[in-house]
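In what follows, a structure is listed as structure tokens, so that the remarks can point back to it.
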Amino acid sequence: MAGRRPAPHPSLGGAATTSSVLTFCGFFDQHREQVVAGVGAEILLRLRRRGVYQELAATSANGDATRSLAEKTVSVDHDAGLNVGWTGNHFVLLDLDTTKLVYDEIDTQAGVNVRLHSTVVDATRDQQGLVSDIVNNSRGGNERITADAFVDASGDGALLAAVGAGLLVVPDGQRQTGTLVCRLANITSDADLSARGIRAALEAHTEKTGIRFARDHGITVRLPVTEPVFLLTVDQRTDALDAEALTRDEISARRKAWEHLHAFREHLDGWQDAHLVETGPQIGIRERRHLLGHEELTHQDVLSGRKRPAESIGRCG
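Each residue of the sequence shown is one higher than the one before, starting from 283 at the first, in my numbering.
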């Protein structure tokens with residue numbers, strides 16, 4: 283891992299720390315087999331050693347879920363308080379600041395020279411068409427960095443765009459919506475977090491106020507350690523590549539978060555004294571630029587479960 287790592291945010295950790303999307307998905311398949319190793323597995327191990335490692339998994343068609351903390355595993359009925367069973371996924375739940383600490387440790391111990399608060403703004407290709415250097419911008423100005431290889435882990439395809447690589451940008455109206463993550467507190471231990479309850483509360487609020495919500499379901503679960511309620515229901519369609527649109531839509535999403543809170547206070551058992559602790563530092567974006575690769579995973583590949591063992595480069599749960 284040794285090398286340099288520019289990052290535009292004040293911490294490493296991607297959407298988990300910059301958008302408060304405090305879940306890892308894809309580490310386990312639906313049979314609860316861990317299919318991701320390497321650095322990812324090391325992150326899980328370090329979280330487990332700190333006693334904040336927690337998993338949630340749908341285990342049956344009726345939405346039951348299994349919750350495990352460190353080595354302890356218990357079964358919990360989904361409708362009694364875990365709104366995740368409908369996803370069919372096996373989640374890892376995260377504690378925000380422990381996650382930041384683990385990423386810092388892994389990069390530092392691997393000898394990575396991290397550049398936080400910095401953004402790639404330009405790049406150059408050599409005569410063979412390979413990226414030879416990048417220009418990194420921070421508050422102190424521009425810095426040119428050379429390396430034998432570069433990896434675009436920006437989530438925005440920033441390096442790809444800078445070097446003119448082949449890209450696909452899905453039309454705005456067809457992109458996946460973003461979600462503003464909310465953390466809420468002062469919710470009773472027996473509060474209704476069920477999908478059925480969430481849906482009924484939002485419908486009742488719409489009937490009373492006329493305010494409509496982008497969706498009436500989402501993940502609602504208690505996080506490790508401090509156990510605030512983690513809410514993934516505030517959806518907002520936006521164009522993350524347009525600063526004006528993104529600003530407007532993040533402001534809109536924050537207003538929606540308060541409407542969700544009003545709905546739950548009035549219509550959900552155990553939420554009467556709830557308050558909004560935090561919305562994500564930025565909205566969680568699911569789709570921006572796509573690289574036009576030599577091979578592309580298609581919608582039909584996913585639906586049909588197409589397998590190409592000779593061409594596989596990785597596995598995801």
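All C-beta atoms in this analysis are idealised placements derived from N, C-alpha and C, irrespective of residue type, glycine included.
The beta strand (DSSP E) spanning residue i covers which residue range?
| i | result |
| --- | --- |
| H618 | The chain is shown from 283 up to 599; residue 618 falls before or after that span and cannot be answered. |
| R504 | I501 to R504 |
Straight-line CA distance for residue i to residue j?
| i | j | result |
| --- | --- | --- |
| A486 | A545 | 8 Å |
| I493 | P591 | 49 Å |
| L449 | L441 | 11 Å |
| R287 | N395 | 6 Å |
| D555 | Y335 | 28 Å |
| T502 | C464 | 10 Å |
| R330 | E489 | 45 Å |
| T428 | I416 | 7 Å |
| A298 | L514 | 13 Å |
| H313 | E337 | 13 Å |
| H542 | L484 | 7 Å |
| R537 | S476 | 23 Å |
Applying the criterion that 16 or more other CB atoms from any shown protein chain within 10 Å of the CB defines a buried residue, is residue i buried or exposed?
| i | result |
| --- | --- |
| H581 | exposed |
| T470 | exposed |
| A525 | exposed |
| S293 | buried |
| S586 | exposed |
| V559 | exposed |
Looking at the unbroken alpha helix (DSSP H) that takes in residue i, where does it start and where does it end?
| i | result |
| --- | --- |
| I325 | G320 to R331 |
| T299 | A297 to T300 |
| L585 | H581 to S586 |
| L375 | Where L375 is concerned, there is no enclosing alpha helix (DSSP H), although the beta strand (DSSP E) it sits in stretches over H372 to L375. |
Taking CB distances under 7 Å as the criterion, tell me whether residue i reaches chain B.
| i | result |
| --- | --- |
| Y335 | This model lacks chain B altogether, as it is built from one protein chain only. |
- Task: At 4 residues or longer, and completely inside the segment 512-560: list those alpha helix (DSSP H) runs for me, N to C.
- Result: Counting whole runs of 4 or more residues, the segment 512-560 contains the alpha helix (DSSP H) stretches 525-549.
- Query: Would the segment 447-462 and the segment 559-569 be scored as touching if the rule is three or more Cβ pairs under 8 Å?
  - Reply: With the cut-off at 8 Å, the segment 447-462 and the segment 559-569 touch.
- Just list the alpha helix (DSSP H) runs in the segment 384-468, keeping only unbroken ones of 4 residues or longer that don't cross its boundaries, in chain order. Runs found: 440-444.
- Query: How about the segment 501-517 and the segment 372-380: do they share at least three Cβ pairs that are nearer than 8 Å?
  - Reply: Yes: the two stretches touch, three or more of their Cβ pairs being nearer than 8 Å.
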